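Read left to right, the sequence shown gives residues 3 to 438 (my numbering).
Positions of the beta carbon are idealized from the N, C-alpha and C atoms, including for glycine.
Note that the structure is a prediction, hence the values are computed from the model and not measured.
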Amino acid sequence: MLKDSVNFRVHPSPSISGKAVIPGDKSISHRAIILSAIADGNSKINNFLQGDDTLATIDVFKKMGVDIKNNENFIKVKGVGLHGLYADDPIFDFGNSGTSVRLLAGLLSAQDFDSHLIGDESLMKRPMLRVIKPLQEMNAKITCTNSGTLPINIIGNQKIKSIKYKLPIASAQLKSCLLLAGLYANGTTEIYEKIETRDHTERMLTNFLHPVIKKDNQIYIKQANRLIGCEIDVPGDFSSAAYFIVGAVITPNSNIILENIGVNPTRSAMLKILKLMGANIEIKDERLISGEPVATIYAKTSKLVGIDIPEDLVPAAIDEFPIILIAAACAKGKTKLSGAFELRIKESDRIQSMADGFSGLGIKTELLDDGMIVEGGQFSGGIVDSSNDHRIAMAFSIAGIVAREPIIINNCKNVSTSFPSFVMTAKQVGINIDYV
Ligand code: S3P
C-alpha cells in the first residue's frame, strides 16, 4: 500500500522503450478468489494481483472462515464448498472496491447468515440499487440506504429463486452478481445483455467445472451442486497495460513490449479505438490461459487523429477512457466520446476529473452528459488532482511524458488498488517519474 499522502511528478522524456511488466488482472483475480473459496478442494492462483482491491476480497473470505495463504507469487485457497462459509462478525469492509462489493452482494444474499456491507468514502457514494433490485426479485432480503448507496444489509437464510433478467445497464459487475446468486437459485437463471460486457465470470466458472450456457446475448446458469477447485493463471491486466500502450503511441521514438496481457475481446476495445485513431499496435503470440485469451502487445510511436468513438465499443473499454482521452488530447483534431454515462459513477466522476485535469494543462474540452469532446493540443505542464482515482492518476502521469513542463499529480494513493508497482514499472521504461 502506498503511504497516505502520495503525489507523483512526471518530467517530460524524449522517448520511452523496453518491456513493461504488468501485474495480474484485477477483475480475474477477484473472481479466482471468490470461486476458489466456495469450491470443493484446493485451488492455486498464480500471478494474482497484490492490489488493495483484490486483497480486500481475500480479507472478506478469510473473515468467512476460508483458509487463504498468500505467498506473493501465488495464492493457495482451501475451498469450503458452496455452503461452508460462516460469519461470526457480519460487518464486511470492501475498501475502495466496487467489484468486490457488487459481486459479493450476490453471493452473500444466498448464505445462511446476515451481513452488513460497507466501504471507504468513495465506495459509500456509489450506486448499489442496480444489484439490490434484481436480488430482491430473486427473493433475497437485501436493502441499502434510501439514496441507493452502502451500507447494504442482508438477512440470510432465504430461499433464492432463479429469474429471467434483462440488464438495464451494460455492467459486468451486475451480471456477475446475478451469476453468483444464480449458483444458489433453484432452477436456471437467465440473463440478457444487450451489449456484451466482460465475461470473466463466465470463463472462470468453466475452470471450476460449472460452465454457463451462452446463446447470442443470453446467458443461462443452473443451480450448482458443487464447484471443483483448480489452478488458475491470471493474465496481465489489460487496463494496467493500457497506460504503457498509450505512452508508447504518443511519445516520439518509442517502442514498448507487453507480454502475457489479457486481450479478452469483451475487455480490450481500446485497441480498436486506438487503431481507428491511427495507432501502430501489433498483437502477437495469442493463446488461451485458464480460458482467457492472452497475447504480447507491441506499441510504437504513432500519428493519431481524432475520431468519434463508436458507442458500441464503450462497455469493452470502460476502464480505459481516462488514458484514451489522454491519447485524444495528443491527436490531430477533435475526438468525441459519448454513450459513457457510467464514467460519472466510477471511483470518481471520470468525465469531470479528466475535464478538470485538462483545463489545468491547456487542453480544450467540451463536457457532455455522457462523455466529452477533446481537442488535440499540447499539455502545458502544471498541477492536476486525481480525485483519489487510480485511473485518473495514472492517465495524467502518462500525459507528463509529452508535456512542455512537468506535471504534478496530487492524491495518487489509490494507484495501489490496481497497480502498486506503477511508478517502478514507469521508471523502468524511461518515464521520469518520482514522488513529491
Ligand atoms: C468490472 C466491471 C466494470 C469495471 C470495473 C471492473 C468487473 O464495472 O469498470 O473496474 O470486474 O466486473 P461495471 O460492470 O460496473 O461497468
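Here residue 97 is buried. Its C-beta has 16 or more other C-beta atoms within 10 Å. Less than 8 Å separates the beta-carbon of residue 355 from that of residue 394.
The DSSP-derived three-state label of residue 220 is strand. Bridge pairing for residue 43: 81 [DSSP]. Excluding residues up to 5 positions away in sequence, 298 lie with their Cβ nearer than 6 Å to the Cβ of residue 286 in the same chain. The shortest CA-to-CA distance from residue 383 to any of 129, 351 and 360 is the one to 360.
Rounded to the nearest whole angstrom, the CA to CA distance from residue 336 to residue 128 is 31 Å.
A check of alpha carbon separations from residue 65 across 23, 117 and 108 identifies 117 as the nearest. Assigned with DSSP and collapsed to three states, residue 54 falls in helix. Under the 10 Å beta carbon count, residue 113 is surrounded by 16 or more other beta carbons and is classified as buried. Contact annotation: residue 238 and residue 25 have beta-carbon atoms nearer than 8 Å. At least one heavy atom of the ligand S3P is found less than 7 Å from the C-beta of residue 200. Your pair residue 418 and residue 373 does not check out as a contact, with CB atoms roughly 28 Å apart and the cut at 8 Å. Taking 8 Å as the cut-off, the beta carbon of residue 41 is found closer than this to the beta carbon of residue 81. Residue 294 sits close to residue 266, with the two beta carbons spaced by under 8 Å.
With distances taken between CA atoms, residue 349 lies nearest to 390 out of 368, 363 and 390. Under the 10 Å beta carbon count, residue 88 is surrounded by fewer than 16 other beta carbons and is classified as exposed. By DSSP's assignment, residue 370 forms a beta bridge with 373.
Three or more beta-carbon pairs separated by less than 8 Å are not found between the segment 202-213 and the segment 159-173, which leaves the two stretches without contact. Under the rule that a run must span 3 or more residues, the beta strand (DSSP E) segments found entirely inside the segment 178-211 read 190-194. When beta bridges are read from the DSSP output, residue 336 appears opposite 377. Here the C-alpha atom of residue 23 lies approximately 10 Å from the C-alpha atom of residue 246.
Residue 314 is positioned such that its CB atom lies no closer than 8 Å to that of residue 157. Pairwise C-beta distances place the segment 249-260 in contact with the segment 396-404, as three or more of them are shorter than 8 Å.
In the three-state reduction of the DSSP assignment, residue 404 falls in the helix class. The Cβ atoms of residue 229 and residue 37 sit closer than 8 Å to each other.
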